[in-house]
Amino acid sequence: MLTISIIVSEFIVNSVSILIAKAMGTNDVVNILIQNPGWIGVIFSILAVVKINDINLYSVSLSMSNVIACMIYKKINYVTLTLIAGSIGTFFTVIGILNNFINFLIIAGVIFPPIAGIMLTD
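Mapping to my numbering: the sequence shown position 109 is 102, numbers consecutive.
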């Protein structure tokens, strides 16, 4: 179902993009955004973020379901897990903890590749 929804949504977004490009007579994305009202770009940006976060929440709910099922041998509804994961992510975003996450990713990107290189050559 996820694959079908991704294919359908990509088809719709790409079709609208092609129609706009044909109507404008150009294939340059920057010119299209400059010549059109800004709300078109805002709508597509919001739709892209919603689509990506939908996929992220879906995978998190499946992972949480498997972890909980292995730990306490009880199955919990995916909708409940999705709401919990979305609420936790929103809470972390509001309090600003995710700003420090970028620093963690930079440090991890500096530390782990050399270690993996040593392990691969050893």
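Using N, Cα and C, we set each Cβ at its ideal position, and we do this for glycine too. In this text the structure is predicted, and so the values were computed from the model without any measurement.
A Cβ-Cβ separation of about 6 Å places residue 54 in contact with residue 78 under the 8 Å criterion. It is roughly 22 Å from the alpha-carbon of residue 16 to the alpha-carbon of residue 41. Setting aside the 5 residues that flank it on each side, residue 108 has no residue in the same chain whose C-beta is closer than 7 Å to its C-beta.
The C-beta distance from residue 61 to residue 69 rounds to 6 Å, short enough to fall under 8 Å. With respect to the 8 Å criterion, residue 26 and residue 18 are not classified as neighbours on the basis of their beta carbons. Relative to the Cα of residue 71, the nearest Cα in the group 100, 51, 92 and 43 belongs to 51.
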